[in-house]
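Data block below; observations after.
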Ligand SMILES: Cc1ncc(C[n+]2csc(CCOP(=O)(O)OP(=O)(O)O)c2C)c(N)n1
Ligand SMILES: [Mg+2]
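Protein chains in written order, with our numbering: chain A, 133 to 466; chain B, 544 to 869.
Laid out in structure tokens, this is it:
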């Protein structure tokens, strides 16, 4: 066990710094934790998340991997079966598609297939989302592909504080957990208190109270939803904003509680509309919150197109503050 | 050769042969469902190699793995009950024929997606190497699996980081109905080792003593920090790929010819020649194996089915619609 330094409280931290701190603390506390991924070591991580850890913990615990996503994610599964607590970094979600066998066929099923003999304490971190003109192959989301895989848990922090808490909590769990990060959030700063008690890993959070409509979002879209709600506040529309923080499991009690106050819901999602997480949320609210709904649950989501390179089209392909506001106004008219 | 070892090897192969025969019968009677891949003809590979391993070594196998589990020490009744899908099975009926696991015996599973055994094996080996533990990982796969990307990816990583893995190819010359020269540009699997600066060799997979000896040597290499090793066992399966296979892609002559090199007959012949065991001893082993298999079948028949659909999905029960409670 390494020497655990006390974390000095810092009022503001960037997302990547919070993740870095979470990894550092987890590794100092538990020798079973190791990191493996492309350029996580000497280079320091594509988004600086693993910066400094290679020098501190050495190459066995911070391992630079060859470009072999399926096998190195599967390596994480194998190590998890025999006592390790690997944190696999997939450079971006786009490459996680090459590791779906390891994630879906192996990590998610081994506990069940083995009749509960083996646990799979594996965290797979993956930055994703639409960033800045990275074009179709580098601007994807993966929620839809993993959302209905039994055995998986999916978390999606949007703030440095949640990123720190949720990564630490995920590493402690004995299940495979997909840890979705957003490429545009790494350098955003947010308040940070390492001593504060974290909420449960899979709970949602109300970012802003409101009585007129509930905005449900996660990852970067929760930030945009909050901005949209604040701007609408100046028009006299009071939107409640929920950051889900977790997609599987889903904090349905929180959604229903908010629905009982507002009677209207808009899901804001960056992933494509068709067959996405928003569909699950809308269907479930329709089933379990039908009599509270004033209007059908609205969904504002990514366009069903490969992400275009052109910046104007790219912006048009995902929800923006302006389009969120417009949809809310429409929803309130209905 | 030690007498006790020879006795063990013969018993294991007889148990394997009778067990698979019984499984085929139970399948035909409708007591075993799904896909069933049997091992007759290939017994010398699992038996010879696993008897050469230490109890601390991890084992990762494919869906054709009943015999591997048996040799590793999983009780035959627990393997048979798993094929029956019963609660007394080694996975409580949740895994089935293709997914045998036995944590107690470091048996890391049967995997039914071709090529998955490679990453699981290097993962376990990574953990062993990181912690400087003395154990190894035995990783089994068919000739068909070597064209999967994970073969290349994983052998590269294993060699790069000198991981303690023995890769054991069960080369039965067929990928279901596609013969090796029709699926691989290079049909000598062991030659692929050189692409990763790895040691590799081929052994007669019908000769259990040769497999045993080759595995001892390979494990010695791996255990002493020399990195991974690729051992190709040249073998043959008598039955179709699975019980669903009509076996129309190869000639009866070919099968008959290979049966002439039957691993059990070869060992018996050798035993006679060397005078290791007398015929009464051999007959007693055969009778004992038959008894164990018959008992395994009756155990499986009487074992109740599993009841809890939702058990074992997560570490703790998880309601997908109540995240906050977690
Ligand atoms: C990824 C994948 N593709 C296809 C299959 C279907 N399949 C099952 S076994 C098999 C042949 C495998 O041949 P080999 O690796 O030589 O093993 P053997 O069955 O001969 O022991 C195929 C194609 C599969 N299970 N997984
Ligand atoms: Mg084959």
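A virtual CB, placed ideally from N, CA and C, is assigned to each residue, including glycine. Just so we're clear, the structure is a prediction, and the values are computed from it rather than from any experiment.
- Here residue 400/A is buried: its Cβ has 16 or more other Cβ atoms, across all protein chains shown, within 10 Å.
- In the three-state DSSP reduction, residue 633/B falls in the coil class, being neither helix nor strand.
- Fewer than three pairs of CB atoms, one per stretch, sit closer than 8 Å, so the segment 401-408 of chain A makes no contact with the segment 566-576 of chain B.
- At a cut-off of 8 Å, the beta-carbon of residue 580/B counts as near ligand 1: some heavy atom of the ligand is closer than that.
- In the same chain as residue 766/B, and ignoring 5 residues on each side of it, the C-beta atoms closer than 7 Å to its own belong to 677, 679, 707, in chain order.
- Of the candidates 217/A, 229/A, 280/A, 372/A, the residue whose Cα lies closest to the Cα of residue 241/A is 280/A.
- With respect to the 9 Å criterion, residue 609/B and residue 643/B are classified as neighbours on the basis of their beta carbons.
- When only Cα atoms are considered, residue 180/A and residue 633/B end up about 45 Å apart.
- In this structure, residue 716/B has its beta carbon less than 8 Å from a heavy atom of ligand 2.
- Contact fails between the segment 778-795 of chain B and the segment 620-636 of chain B, because fewer than three Cβ pairs, one in each stretch, are under 8 Å apart.
- In this structure, the alpha-carbon of residue 689/B lies about 14 Å from that of residue 739/B.
- Fewer than three beta-carbon pairs drawn from the segment 221-230 of chain A and the segment 153-160 of chain A are found closer than 8 Å, and the two stretches are therefore not classed as touching.
- Sorting 788/B, 711/B, 810/B by C-alpha distance to the C-alpha of residue 592/B places 711/B at the top.
- No heavy atom of ligand 1 is found nearer than 8 Å to the CB of residue 309/A.
- Here residue 715/B is buried: its Cβ has 16 or more other Cβ atoms, across all protein chains shown, within 10 Å.
- No Cβ-Cβ contact shorter than 9 Å links residue 621/B with residue 641/B.
- With contacts defined as CB atoms closer than 9 Å, residue 243/A and residue 855/B qualify as a contacting pair.
- Contact check for residue 664/B and residue 603/B: beta-carbon distance about 5 Å, within the 8 Å limit, so the pair qualifies.
- In terms of CA proximity to residue 283/A, 237/A leads the group 202/A, 192/A, 237/A.
- Comparing alpha carbon positions, the residue from 687/B, 669/B, 566/B, 840/B closest to residue 719/B is 687/B.
- The distance from the Cβ of residue 771/B to that of residue 702/B is about 6 Å, consistent with a contact at the 8 Å cut-off.
- Chain A places a beta carbon closer than 9 Å to that of residue 670/B, counting this residue as a contact.
- Counting only runs that start and end inside the segment 548-630 of chain B, the alpha helix (DSSP H) elements of at least 4 residues fall at 586-594, 609-615, 619-627.
- Close CB contacts of residue 257/A within its chain, under the 6 Å cut and outside five residues either way in sequence, are with 221, 311 (chain order).
- Relative to the non-hydrogen atoms of ligand 2, the Cβ of residue 686/B comes within a distance shorter than 8 Å of at least one.
- Per DSSP, the unbroken alpha helix (DSSP H) holding residue 202/A starts and ends at 201-213.
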